[in-house]
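Trainee: Residue numbers (my numbering): 4 to 298.
Provided herewith is a single structure, encoded as structure tokens, for subsequent inquiry.
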């Protein structure tokens, strides 16, 4: 049996893919493997890494600020993401009713998703929820004296949750695309059978949108765990007040670039990777119980 050489088209394809493979090795795979090695070392950028074994991971088990950051992050993720998706779905349903100027509204609602991760929006948010900010000015009209929301331990994290929920534009556009794929005949048949708006939503719209809901859920969970800029700017880079806004990524940055403890920061990064991978895996594991894929 003769060996057949690769077609010229395949060799040309590999040639064009070579820059991508090089970039993947240098800027993705290489740094990932380097951070894995550094997570087992003491590395301060000023001297060569010193092998510690599992000491960094043992230290994490007894680090109260790390435990605090995990708690803050889980509250932030598991509150803001559901609120964000509910808002996104509600607005997608509204826009799907045939609003005039749909392209304009779609662009306007999508804009926060592009801007919310910027420093300027975080600064603006800090001003809005400050002592003399817009929120307190509105409350003053009703005779209510507000507080500095971003400087109060009980409310500071809530401002970050609201900011993340405000970035509903990207999932909203995806929900809207999914709604446009549901055949109108389903609703017409249900209406003939006497189904009301609520029944049509829960028996037709929601089941057929479950793949889109699942997709948005996975993406937004991963994105929320990686949130950093908002907490950094609003808290002044310290996670205050009283570590109320100390997201995991912010504490990782503080240990890595504030204390120059790169080995410990690398170990934290790998723990975050494991957490995100585990939650993503659980989502896929339980998806078959609630996600409906039409034939």
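C-beta: ideal position from N, C-alpha, C; glycine also.
1) Tell me the DSSP secondary structure of residue 44 in three-state form.
2) Answer with buried or exposed for residue 271, where buried requires no fewer than 16 other C-beta atoms within 10 angstroms of its C-beta.
3) For residue 230, which of 73, 202 and 260 has the nearest alpha-carbon?
4) Quick one, which of 31, 227 and 39 has its alpha-carbon nearest residue 273's?
5) Which residue marks the beginning of the alpha helix (DSSP H) containing residue 66, and which one marks its end?
6) With 16 as the cutoff for other CB atoms within 10 Å, does residue 223 come out buried or exposed?
7) Please list, in chain order, all residues of the same chain as residue 86 whose beta carbon is under 6 Å from its beta carbon, the five residues on each side excluded.
8) What does the alpha-carbon distance come out to for the pair residue 214 and residue 48?
9) Going by C-alpha distance, which of 281, 280 and 276 is nearest residue 35?
10) Is it buried or exposed, residue 107, if we count other Cβ atoms within 10 angstroms and call 16 or more buried?
11) Please specify which runs of the alpha helix (DSSP H), each continuous and at least 4 residues long, are wholly inside the stretch 97 to 146, giving them in chain order.
12) For the structure I just gave you, are there three or more beta carbon pairs, one from the stretch 44 to 60 and one from the stretch 252 to 265, closer than 8 Å?
13) Measuring alpha carbon to alpha carbon, tell me which of 294, 18, 234 and 194 ends up nearest residue 211.
Mentor: Quick look at the numbers:
1) Position 41 of the chain shown holds residue 44. It is a strand residue.
2) Taking the chain shown and counting its residues from 1, the one referred to as residue 271 is at position 268. Around the beta-carbon of residue 271, 16 or more other beta-carbon atoms lie within 10 Å, marking it buried.
3) Counting from one through the chain shown, the residue named residue 230 turns up at place 227. The shortest C-alpha separation from residue 230 is found at 73.
4) Sequence index remark: in the chain shown, residue 273 carries index 270 (1-based). Nearest option by C-alpha distance: 39.
5) As a working note, residue 66 is residue 63 in the chain shown. No alpha helix (DSSP H) holds residue 66; DSSP gives it neither H nor E.
6) For the purposes of this step, residue 223 is taken as residue 220 along the chain shown, with counting starting at 1. Residue 223 comes out buried.
7) Within the chain shown, the letter at position 83 stands for residue 86. Counting only Cβ-Cβ distances below 6 Å, and skipping sequence neighbours, we find 168.
8) Reading the chain shown from its first residue, position 211 is the one you call residue 214. Reading the chain shown from its first residue, position 45 is the one you call residue 48. Rounded to whole angstroms, residue 214 and residue 48 show a C-alpha spacing of 45 Å.
9) The count along the chain shown starts at 1 and reaches residue 35 at position 32. When each option's Cα is compared against that of residue 35, the closest is 276.
10) For the purposes of this step, residue 107 is identified with residue 104 of the chain shown, where counting begins at 1. Burial call: exposed.
11) Every alpha helix (DSSP H) stretch that sits fully inside the stretch 97 to 146 and reaches 4 residues is listed by chain position as 105 to 118, 122 to 131 and 137 to 144.
12) Contact holds between the stretch 44 to 60 and the stretch 252 to 265, because three or more Cβ pairs, one in each stretch, are under 8 Å apart.
13) The sequence position of residue 211 within the chain shown is 208, counting from 1. Comparing Cα positions, the closest option is 294.
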